[in-house]
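As numbered in this note's numbering, residues 2 to 166 make up the sequence shown, in order.
For glycine and all other residues, C-beta sits at the position ideal for the given N, C-alpha and C.
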Amino acid sequence: MTRTIQLERTYDASMDDVWDLWTTKDGIESWWGPDGFRVDVIELDLRAGGQLHYAMTAVGAPQIAFMKQAGMPLVTKTRISYTEVTRHKRLAYMNHVDFVPNQAPYENAMSVDFGPAPSGVRIVLTLSAMHDDDWTGRMVAGWESELGKLERLVATRRGAAHKGG
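Written out as structure tokens, the structure reads:
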């Protein structure tokens with residue numbers, strides 16, 4: 002049985018806003034990717050059987066140095082295949098892992114469950130462990146960073162809405 006890791010967060014935002022940040026080109030490009038990386042969506046077909054194809058580019062100096070030291074390109078094209086899309090409830094997908102040096106490509110299951118919370122929206126991100134503990138740790142650290150970016154984005158939008166209202 003594959004080991005799984007769960008990350009939970011609550012965002013002070015509407016379900017529509019959080020869902021859109023996970024499921025639209027503009028939303029994904031606004032926060033996806035760990036700190037020091039930028040994501041550009043190449044293709045988005047949001048349905049079971051559809052794909053998200055994107056390029057993740059190292060843009061921060063420490064991230065550029067890490068990628069070079071690891072023998073990895075600064076731009077990595079990645080794709081996920083959606084296995085479930087249930088509006089405002091769940092996204093499940095297979096991440097195509099074909100970017101790890103000296104590792105045969107494989108697929109890694111992930112899901113995001115959305116639900117109401119007293120202060121907005123609760124998400125539970127379930128990650129399948131990668132091929133070894135080092136890469137699993139990198140994946141978890143990356144998602145921790147990404148979810149932090151999402152929190153900062155939601156807070157910025159909330160602040161802008163309060164100023165404008």
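Quiz prompt | Stretch-stretch touch, CB-based, cutoff 8 Å, three pairs: the segment 51-61 with the segment 27-43 | solution = By the criterion of at least three beta-carbon pairs nearer than 8 Å, the segment 51-61 is in contact with the segment 27-43.
Quiz item: Within the chosen definition, does the segment 124-133 reach the segment 7-27 through at least 3 CB pairs nearer than 8 Å?
Solution: yes
Quiz item: Over what stretch of residues does the alpha helix (DSSP H) that includes Ala62 continue unbroken?
Solution: One-based indexing of the sequence shown puts residue 62 at position 61. Run containing Ala62: Ala62 to Gln70, per the alpha helix (DSSP H) assignment.
Quiz item: Is Gly116 helix, strand or coil when you go by DSSP?
Solution: Taking the first residue of the sequence shown as 1, we reach residue 116 at position 115. Three-state result, Gly116: strand.
Exercise. Give me the Cβ distance between Tyr83 and Ala49, rounded to the nearest whole Å; I'm assuming they're in contact under 8 Å.
Key: In the sequence shown, residue 83 corresponds to position 82, counting from 1. In the sequence shown, residue 49 corresponds to position 48, counting from 1. With a beta-carbon spacing of about 6 Å, Tyr83 and Ala49 fall inside the 8 Å limit used to define contacts.
Quiz prompt | Terminal residues of the alpha helix (DSSP H) in which Leu22 lies | solution = As a working note, residue 22 is residue 21 in the sequence shown. Where Leu22 is concerned, the enclosing alpha helix (DSSP H) stretches over Met16 to Thr24.
Practice problem: With distances taken Cα to Cα, identify the nearest neighbour of His97 among Val86, Arg88, Arg91 and Ala110. | Solution: Translated into the one-based positions of the sequence shown, residue 97 becomes position 96. Residue Ala110 is the option with its Cα nearest to His97.
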